[in-house]
Structures are given as structure tokens and as C-alpha cells.
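S.K.: Just so we're aligned, residue 263 is where the sequence shown starts under our numbering, counting upward by one.
Beta carbons are placed, not taken as given, at the ideal position from N, Cα and C, and that holds for glycine.
These numbers come from a predicted model, not from an experiment.
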Amino acid sequence: MRLAYVPGYESAGAQNPLDAVTTCRCGSISPTRIYPPALLPSFATGAMSPSASILLLIAVAVTISLILLQRLGKSRRLPLPPAPRGLPLIGNLLDIPADGFEWETYMAWSRRYNSDILYLDVAGTSIIVLSSAEATADLLEKRSSVYSNRPRFPMVNELMGWSFNFAFMKYGERWRKLRRLFHSDFNAESVTKYHQRQLEACHELLRRVHRAPEGLLDHLRHMAGEVIMSAAYGIEVLAQDDPYIDMAETALKALVHASIPGRFLVDLVPALMHFPEWFPGAGFKKLAKEWRGVVEEMVERPFAQSRKQIECSTHPRPPSFCSTLLPAADPDLVKHAAATMYAAGSDTTVSILGSFVLAMLANPAAQKRAQKEVDRVLGNHLGAQLQLPDFSMYADAETTMPFVCAVSREVLRWRPALPFAPHFVDLEDEYRGMRIPARSLVLANIWAILHDEKTYPNPDVFLPERWLIPTGELNLEMRGWELAFGFGRRVCVGRHFALASIWIAVVSFLSVFDIDIEAGEEGEIPAGGEGCESGIRIGFGHTATAVQVLHKAPLC
Numbered sequence: 263m264r265l266a267y268v269p270g271y272e273s274a275g276a277q278n279p280l281d282a283v284t285t286c287r288c289g290s291i292s293p294t295r296i297y298p299p300a301l302l303p304s305f306a307t308g309a310m311s312p313s314a315s316i317l318l319l320i321a322v323a324v325t326i327s328l329i330l331l332q333r334l335g336k337s338r339r340l341p342l343p344p345a346p347r348g349l350p351l352i353g354n355l356l357d358i359p360a361d362g363f364e365w366e367t368y369m370a371w372s373r374r375y376n377s378d379i380l381y382l383d384v385a386g387t388s389i390i391v392l393s394s395a396e397a398t399a400d401l402l403e404k405r406s407s408v409y410s411n412r413p414r415f416p417m418v419n420e421l422m423g424w425s426f427n428f429a430f431m432k433y434g435e436r437w438r439k440l441r442r443l444f445h446s447d448f449n450a451e452s453v454t455k456y457h458q459r460q461l462e463a464c465h466e467l468l469r470r471v472h473r474a475p476e477g478l479l480d481h482l483r484h485m486a487g488e489v490i491m492s493a494a495y496g497i498e499v500l501a502q503d504d505p506y507i508d509m510a511e512t513a514l515k516a517l518v519h520a521s522i523p524g525r526f527l528v529d530l531v532p533a534l535m536h537f538p539e540w541f542p543g544a545g546f547k548k549l550a551k552e553w554r555g556v557v558e559e560m561v562e563r564p565f566a567q568s569r570k571q572i573e574c575s576t577h578p579r580p581p582s583f584c585s586t587l588l589p590a591a592d593p594d595l596v597k598h599a600a601a602t603m604y605a606a607g608s609d610t611t612v613s614i615l616g617s618f619v620l621a622m623l624a625n626p627a628a629q630k631r632a633q634k635e636v637d638r639v640l641g642n643h644l645g646a647q648l649q650l651p652d653f654s655m656y657a658d659a660e661t662t663m664p665f666v667c668a669v670s671r672e673v674l675r676w677r678p679a680l681p682f683a684p685h686f687v688d689l690e691d692e693y694r695g696m697r698i699p700a701r702s703l704v705l706a707n708i709w710a711i712l713h714d715e716k717t718y719p720n721p722d723v724f725l726p727e728r729w730l731i732p733t734g735e736l737n738l739e740m741r742g743w744e745l746a747f748g749f750g751r752r753v754c755v756g757r758h759f760a761l762a763s764i765w766i767a768v769v770s771f772l773s774v775f776d777i778d779i780e781a782g783e784e785g786e787i788p789a790g791g792e793g794c795e796s797g798i799r800i801g802f803g804h805t806a807t808a809v810q811v812l813h814k815a816p817l818c
């Protein structure tokens, strides 16, 4: 699945103080604001000294000059980036596709206008689309202090109750506290304490896939939910129909639905929030009310259970985010950071692993090469009893399993889990002689960047070799795959945890399973993670003892 963000803001207001004090709404001069207060009494009675008359004439002349300069400045303002011609009032509203794949449309526009920066006017909302690594680095990295904000999400944040999620939160003190708290337990060093739990969940995933390969996506979702519920709250989920996982899935499905740009008019016209439900066009309020209840339960219920476990436990429990931080940190911050973890991590993991399966289906030669590399490292090619991978190989994987690492990086490039990274700029800015209006939504088109033909020849082709040097070693200087986790101060703070879960799942799948198309299927590979269960056969073809070893795998 892909999460998108929905733009929506309040109108900008004057940026230049002179705009407010020299002209009325109709554009005429406002005497009570222009004339110096000391002159008003004599002006009102008709009695005026010569010096006062001179001062008045000067004030009028200055005001007229400012108005003329302002109008002249507007005519000489820097141009906006190129864009499709819009319609009166609604601008480019009808140009945005409703199928949820607008990143591909923006990429096509970028090529049509030969520009890596586009401007869209969507019913008065300014949208800037960045479609190159250079533009995103210049603005979102080098000017991160200006471009680190988030747009207003009326439907998602204010009506559905996702304002707790610091991924959607505006830049500020609470955002900094939540991010600092999250980073303290999920930095590259701290996440190693969760590796054992990730390994156990991966082994259970392998068993589930072996028993019922037709339910692959459900198994991936369960694994992702199991790992995150354990790491965030210390809660062990049920083998099936777990209420916590089901609850979060319902909330996330509603979030995905509400996050599609243009899906709800309230995101473009926030004033609609104050209209009653029965008002024409305000039916979204009823939906938001239903979804809000699910979101609130997702935030409150597992946190309450986690606190109860911590307070009542008489024996040591596996580490969790809540158990580590609750004794000292603000409980409200811990609760919201833990809830953010599930919302941010589970869908990303499922999407990336689903794309990995699709890539192996479409590229059997790459699958075989990766399997041979894993077998060589594990010693499975020697005919001995099959060994399953663990995290002892993780630190050296770039050296010992370069092709497997290349496969993982190519998956992140080929099908980025988050095609867009939304930012917000409060003040007007200039870039390459073009004007970026104040209060613009700035979208980093990650899909376009990772499908740039200049950097990645044949970008639609899954080609792990592009990440290797001629000797077969990993090209450590070639970057780009990490863009899938965002930019600047908004980079995903849980990426180290997510990458560990993805790595152990990928290597384990390669060590145990063969993935191919069922006999009789046409073999068409879908474009995204949706439908990747259809016609897939996941069997134990490449290792004879895989089933036996899998069921004997130690789970601590």
C-alpha cells in the first residue's frame, strides 16, 4: 500500500505589512490608516497649518509611490515554475488523477515541460512538485530549516484524530520532543535489542507461508504487526484474528482512503469543517466521526495494556519502547510515539516485502543468483543440514552478500513504499530564478527521482546489478535507495528498525523458498503490491530439508 498526504491549508494573508496598512480590500486608499495620527484632528476640522499640509502631501505622495511600486513589483515578480494551464477558480483541480497514481502523472508533466520543478494551483492551494535528486537536495536538505514543516491535513488530523502522529505534525516543540523520544530508542544502535524478536516473527512468517502460501499478504501483515506490537508495547499478539492488529488495520485503511489528494473537499476548503453533517457536501463528517473512534481506540487500548503489564509484571519481559521509556518520560508523549510507530511502520514493511515477492516472480534469474549467494554464506551449498539466517550476518552483509543487498536496494528504488514526501514552506522563497509562493505544499516525487533514466537506465526494469561494481562488489558510493525514507529533518526515524525487519525476511525467504508463477497462470506481474497473491506458488524447491529445519528452528 502507499500512503499519500492530502494538501489543505488556510488562505495565506498578506506577507508584506504595507499590504495591510496602505490598501483596503477594494484596493482604494484608507485615510485612517495612511495619515499620521497627529494630523487627523486638524484635517477633520478643516484647519491645517502649512507644515501640516506639507507633511500631508508627503504622506500622500509616499503612499501613492508605495502602491505604484507594489504594482510594478507584482508585474516584475519572479515567474512561477511551469505547469499545465488550469481553469478559472479551480486551477488544476481536474488535472490531478483520481486513481491514486498521481506521482506518475507528475513525472510525465516534468518530462513534458522539461523541468524538475512544477507549480500547480489546486483551487487556490499552491503545490510545488520536485522531481529530481538535485532539487530535493537543494531545498529539502540544504534549506531544511525552511522546508521542514508539514501542511495542514483537516480530514486526517483534525477530523479523524491523527494529529498525535508526529509524521503529520507541524514543525514545533512537541514535534521535536516526540521525534527525540522516538530516536532515543530506535537509533541504529538501540534497535539491535529488538533483533531477536524480529527473528522469531520471521520464523513464524516462514511457517505460515509454508502452510498457506495463498495468504501471503495476510501473513506479511501479521508479521509486521506482531513485530511492531511487541517492540512498541511489549504485547504478544494472537496467532490469528488478533484484535490489536485488526484494529490498527481498520484505522490504517481509513487513513489510506482519506489521504488520497482531492478525495475530500474539506482538505481544500477547511471552512467546511464547521458545517453540519446534513449540509450538502459535508457527508465526510459522518465518515470522520466513525473513523475517529477506531483511531482513538488504536492509540489508547494497547498503551493501557502495556502500562498494566509493566505495573503488574513480576518477572522480566522482553524490551519494548514503552517499558524502556515510561519510568521517566511523559506518558502522553510515549503513548503518541508508540502509536505513531505502528501507523508508520507496518504498511511500509508489508509494501516493501510485497514488492520483493513481485520482483522475484518477474526475475527468476535474479532470484537464483541471490539464493546461491545466501546458500554460500550459510554453507547450505555443501549438502549439510540447512541453516537459517540470523542477525549475526547483518553487520557484514554488504561485504558477504552484496547481490542480496543489491536486490533489497533495487526493491526500494523500483517500488518505493512512499512515492511522495510532503513538506510545507511558510514563507515565499526563490529557486533558480523561480518563485515558490508562501504556504505552498512541496511534494518530493520520490517515484520520479528513483525512475530517472539519467541516473537509472531502464528505470522500469528490476536490475540489482546497477548497484554493483564490475567486480561484483556493492557500490557503496551509489546512493538513492535511502530516499525511500524521506528527506532532511523529516527523514523516517524508524528506518533502522524497518530495514532490519526487511533484511531478515528477504534473506530468510531466499534461504527457504522458491517463488514462481503457478502452472496455468498467464504470469502477468502487477505494478504494485496489490494482487501479489494471485497465481503465486511458493514452494520448497531449492532446498530438500527446508521444511524439517524450519519446524525445528529454535524460538526463544
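Where do the N-terminal and C-terminal ends of the alpha helix (DSSP H) with isoleucine 352 fall, by residue?
M.R.: Here isoleucine 352 belongs to no alpha helix (DSSP H), and DSSP marks it neither H nor E.
S.K.: Go through its chain and collect everything with a Cβ distance to arginine 339's Cβ below 8 Å, but skip five positions before and after it.
M.R.: Cβ neighbours of arginine 339 beyond the five flanking positions: Arg697.
S.K.: Return no unless some Cβ of chain B is closer than 8 Å to the Cβ of arginine 694.
M.R.: Absent from the structure is chain B; it holds one protein chain and no more.
S.K.: Sort out for me which residues DSSP pairs arginine 697 with in a bridge.
M.R.: Paired residue(s): Glu692.
S.K.: Are serine 608 and isoleucine 490 closer than 8 Å when you measure CB to CB?
M.R.: In this structure, isoleucine 490 lies closer than 8 Å to serine 608 by Cβ.
S.K.: With a floor of 4 residues, list each alpha helix (DSSP H) that falls wholly inside the region 445-485, ordered by position along the chain.
M.R.: Counting whole runs of 4 or more residues, the region 445-485 contains the alpha helix (DSSP H) stretches 457-473.
S.K.: Are valine 556 and threonine 512 closer than 8 Å when you measure CB to CB?
M.R.: Closer than 8 Å, so yes.
S.K.: So leucine 674 packs on tryptophan 743, CB below 8 Å; how close in whole Å?
M.R.: The pair is a contact, with the Cβ atoms about 4 Å apart (cut-off 8 Å).
S.K.: Please list the terminal residues of the continuous beta strand (DSSP E) segment that includes proline 505.
M.R.: Note, proline 505: premise wrong, no beta strand (DSSP E); alpha helix (DSSP H) at 505-520.
S.K.: State the start and end residues of the unbroken alpha helix (DSSP H) segment that holds leucine 595.
M.R.: 593-624 is the extent of the alpha helix (DSSP H) around leucine 595.
S.K.: Quick one: grab the DSSP three-state call for histidine 685.
M.R.: Correct three-state label for histidine 685: strand.
S.K.: Label proline 651 either buried or exposed according to how many other C-beta atoms from any shown protein chain fall within 10 Å of its C-beta, with 16 as the threshold for buried.
M.R.: Proline 651 is buried by the Cβ-count criterion.
S.K.: To the nearest angstrom, report how far apart phenylalanine 653 and glutamine 629 are at their CA atoms.
M.R.: Each residue's alpha carbon lies about 21 Å from the other.
S.K.: I need the DSSP call for alanine 345, collapsed to helix, strand or coil.
M.R.: Alanine 345 falls in the coil class under three-state DSSP.
S.K.: Please return the same chain residues whose Cβ sits closer than 7 Å to the Cβ of proline 359, not counting the five positions on each side in sequence.
M.R.: Around proline 359: Thr367.
S.K.: Got a sec? Which residues, its chain only, sit under 6 Å from glutamate 488 by beta carbon, not counting five neighbours each side?
M.R.: So the qualifying residues of the chain are Ala463, Val499.
S.K.: So, at 6 Å on beta carbons, what are the nonlocal neighbours of alanine 397 in its own chain, with the 5 sequence-adjacent residues on each side left out?
M.R.: Excluding sequence neighbours, alanine 397 sits near Asp378, Ile379.
S.K.: Helix, strand or coil for aspartate 400? Go by DSSP, reduced to three states.
M.R.: Looking at aspartate 400 - three-state DSSP - the assignment turns out to be helix.
S.K.: Could you name the residues that DSSP lists as bridge partners for threonine 387?
M.R.: The partner list for threonine 387 (beta bridge, DSSP) reads Val384.
S.K.: Going by DSSP, what residue range makes up the alpha helix (DSSP H) through leucine 587?
M.R.: From DSSP, the alpha helix (DSSP H) with leucine 587 extends over 583-587.
S.K.: Could you check whether leucine 401 and tyrosine 409 sit closer than 8 Å to each other, using their CB atoms as the reference points?
M.R.: For tyrosine 409 and leucine 401, yes; Cβs fall inside 8 Å.
S.K.: Kindly indicate the opening and closing residues of the beta strand (DSSP E) around isoleucine 777.
M.R.: Its beta strand (DSSP E) spans residues 776-779.
S.K.: Measure the C-alpha to C-alpha separation of arginine 728 and glycine 734 and round it to an integer number of angstroms.
M.R.: Going from the Cα of arginine 728 to the Cα of glycine 734 covers about 10 Å.
S.K.: Cutting at 8 Å between CB atoms, please list the residues of its own chain near histidine 481, excluding the five before and the five after it.
M.R.: Leu467, Arg470, Val471, Ala474.
S.K.: Quick check on the DSSP output: the alpha helix (DSSP H) that includes valine 673 runs from which residue to which?
M.R.: Taken as a continuous stretch (DSSP letters only), the alpha helix (DSSP H) holding valine 673 covers 664-676.
S.K.: With 16 other CB atoms within 10 Å as the buried threshold, where does glutamate 562 fall?
M.R.: The residue in question, glutamate 562, is exposed, as its Cβ has fewer than 16 Cβ neighbours within 10 Å.
S.K.: Can you tell me whether leucine 421 is helix, strand or coil according to DSSP?
M.R.: Three-state result, leucine 421: helix.
S.K.: Please identify the residue among Glu559, Met740, Tyr456, Val636 whose C-alpha is closest to the C-alpha of serine 585.
M.R.: Nearest of Glu559, Met740, Tyr456, Val636 to serine 585, Cα basis: Tyr456.
S.K.: Applying the 10 Å Cβ sphere with the 16-neighbour rule, what's the burial state of serine 547?
M.R.: What sits at residue 547 in the sequence shown is lysine, not serine. By the neighbour-count rule (16 or more Cβ atoms within 10 Å), lysine 547 is buried.
S.K.: Along the chain, where does the alpha helix (DSSP H) that runs through serine 406 open and close?
M.R.: Here the alpha helix (DSSP H) through serine 406 covers 406-409.
S.K.: Sorted by chain position, which residues of the same chain lie with C-beta nearer than 8 Å to valine 666's C-beta, five sequence neighbours on each side aside?
M.R.: Around valine 666: Ala632, Glu635, Val636, Ala659, Val768, Val769, Leu772.
S.K.: Just to confirm, are proline 532 and arginine 414 a CB contact at a threshold of 8 Å?
M.R.: Yes; because the gap between Cβ atoms is below 8 Å, this pair is in contact.
S.K.: Looking only at C-alpha atoms, which of Gln458, His758, Leu588 sits nearest to alanine 746?
M.R.: Of Gln458, His758, Leu588, the residue nearest in Cα terms is His758.
S.K.: Kindly identify the DSSP beta-bridge partner or partners of alanine 706.
M.R.: Answer is Leu392, Ala683.
S.K.: Let me know the secondary structure DSSP gives leucine 736 once reduced to three states.
M.R.: Of the three classes helix, strand and coil, the one that applies to leucine 736 here is strand, per DSSP.
S.K.: Hey, how far is the Cα of arginine 671 from the Cα of arginine 405?
M.R.: Each residue's alpha carbon lies about 27 Å from the other.
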